[in-house]
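> What follows is a single structure, and I will ask about it in a moment.
Residue numbers (this note's numbering): 163 to 361.
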C-alpha cells in the first residue's frame, strides 16, 4: 500500500496514498503504453499454478517471497523476476520454468536465505516518515532496482532471450555486476537442473 513515506522516494503521488502499489503502477503502465497488463492485488497462493507469463516480485518479507517460490515451483511455464534490496544494495534475478521444468534457477534456488521465513523476525518494519525511510534505505536504491528489472524484462520481450539472469547493484559504490546465465555458476551455488515430476 502506498504510504506518505513512499512520496518523494518513489514515483507515487499524494493521491495514490492508501492504494495498492502494484495496482497503481500497472494502471499507469497500461494507460501510458496502451497495454492490458493484469494486476492481482492479493497474497500469492500456491494454487495459482496455472499462471503463465511473467511474475514480478517486489516484496519485503521472506514469507511473501516463499509463497511466490512455491507457486513458481508448481507452474508449468513462468518467468519470475525477483527484486530485492537493502539500504544501498540489491539484486534483480529472474528464474524460468518451461514445460514443468526449472530451466533457469530462481533467486530462491541460488540464495535460499531469501525464503528463510525464520529470519523475517529480525527485519525492520516499514517506515512511516520519508526521513526515517531514507535512514533505512537510500533514495535511489528502489529506482535502480526498478530500472534494472524493467530493462531485463524489456530485453526478454524484445529479443526473446538474454545473456544475463540479472544483476547485483550497489548504489553507494555506483556499481552493477551482471549475473550471467551460466550453468557452471548455478552449480557453484548448489543448483542443478531437475527433471519434471510426473503428475
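Note that beta-carbon positions come from the ideal geometry of N, C-alpha and C, so glycine has one too.
None of these values were measured; they are calculated from a predicted model.
On the CB-based measure, 16 or more other CB atoms within 10 Å of its CB, does residue 186 come out buried or exposed?
So residue 186 ends up on the buried side.
> Going by the DSSP bridge assignment, what does residue 264 pair with across the sheet?
Answer is 259.
> Applying the criterion that 16 or more other CB atoms from any shown protein chain within 10 Å of the CB defines a buried residue, is residue 339 buried or exposed?
Looking at its Cβ environment, which holds fewer than 16 other Cβ atoms inside 10 Å, residue 339 is exposed.
> Can you tell which of 269, 304, 178 has its C-alpha closest to the C-alpha of residue 352?
Ranking the options by Cα distance to residue 352, first place goes to 269.
> Looking at the unbroken beta strand (DSSP E) that takes in residue 198, where does it start and where does it end?
Careful: residue 198 lies outside any beta strand (DSSP E) and carries neither H nor E.
> By alpha-carbon positions, which one of 215, 190, 227, 178 ends up nearest to residue 280?
Taking only the C-alpha atoms, the option nearest residue 280 is 227.
> Which residue wins for smallest C-alpha separation from residue 277, given the options 309, 225, 261, 264?
Considering only alpha carbons, the answer is 225.
> DSSP three-state label for residue 349, please.
Helix, per DSSP.
> Only counting the same chain, and skipping five residues up and downstream in sequence, which positions put a Cβ closer than 6 Å to that of residue 361?
Because residue 361 sits at a pLDDT of 46, beneath the cut-off of 50, its placement in the model cannot be relied upon, and the following sentence gives the value as read from the coordinates. For residue 361, where only same-chain residues beyond five positions count, there are no Cβ hits under 6 Å.
> Taking all protein chains shown into account, do 16 or more other C-beta atoms lie within 10 angstroms of the C-beta of residue 167, making it buried, or fewer, making it exposed?
Burial call: buried.
> Give the single residue among 174, 243, 202, 222 whose Cα lies nearest to the Cα of residue 266.
Of 174, 243, 202, 222, the residue nearest in Cα terms is 243.
> Residues in the same chain with beta-carbon distance under 7 Å from residue 205, minus the five sequence neighbours each way, listed in chain order, please.
Only 229 meet the Cβ criterion.
> For residue 330, which of helix, strand or coil comes out of DSSP?
Note: residue 330 maps to strand in three-state DSSP.
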